[in-house]
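Worksheet for the structure shown next.
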Amino acid sequence: MRRLVLFLAFWLAAGLVGSASAEDPLAVLKIGRVGTGTVAAPFALTALDGSRVQLADLKGKVVVVNFWATWCGPCKEEMPALGRLRQQLDPDRFALLTITTDLQRQGIAQFLANVKVQLPVLFDEDHDVSHAYLVRALPTTVFIDPQGTLIGRAVGPRDWDAPDAVRAVQSLMP
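In short: position in the sequence shown from 1, add 1, done, that's the working numbering.
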């Protein structure tokens, strides 16, 4: 019950808008907008390659964070599209991170190699980041602007490398 109350309080405070206007570039992706000024929760997580990644280090870029798991079929299906999206965008203005609570590092590395995708995979071992971003279903993708505030979130898979999706993400970049 407490989690439900916190969840509802977050969305009310964030001013989540259920439907975007036709002029909104994220409308094509069916991304729910978050109210102006909602600061993205900071995090520092260990990546599959052993490096440490901090959200704060990505200020000045649009950041897309995809929460996923190897046991989630739709998550695995959208991974190649996320990889292709990342390849199409300027790394000086855009960063794409994936976060998982899976602990099977070898299985994740094998999966990425099998689908020929190179994406940074961060481990949320304590589920703190997933809780901070209110991830309740997978995949969940969160958009953060260059100033570190939340733009919106998408629950469920998307065709991330479709031309309309690429244009929508490009429209967010400085």
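Ideal placement from N, C-alpha and C gives every residue a C-beta, glycine not left out.
Between the stretch 24-32 and the stretch 118-132 there are fewer than three inter-stretch CB-CB distances shorter than 8 Å, so the stretches are not counted as touching. The beta carbon of Val143 sits closer than 7 Å to those of Val66, Tyr134, Leu151 and Arg154, all from its chain and outside the five residues before and after it, given in chain order. DSSP places Arg106 within a helical segment (H, G or I) once states are collapsed to three. Per DSSP, the continuous beta strand (DSSP E) segment holding Gly153 begins and ends at Leu151 to Val156. Gly84 has its alpha-carbon roughly 17 Å from the corresponding atom of Asp50.
Counting C-beta atoms within 10 angstroms of its own C-beta, Pro140 has 16 or more neighbours from the protein chains shown and is therefore classed as buried. With distances taken between CA atoms, Ala45 lies nearest to Leu56 out of Asp127, Glu126, Gly38 and Leu56.
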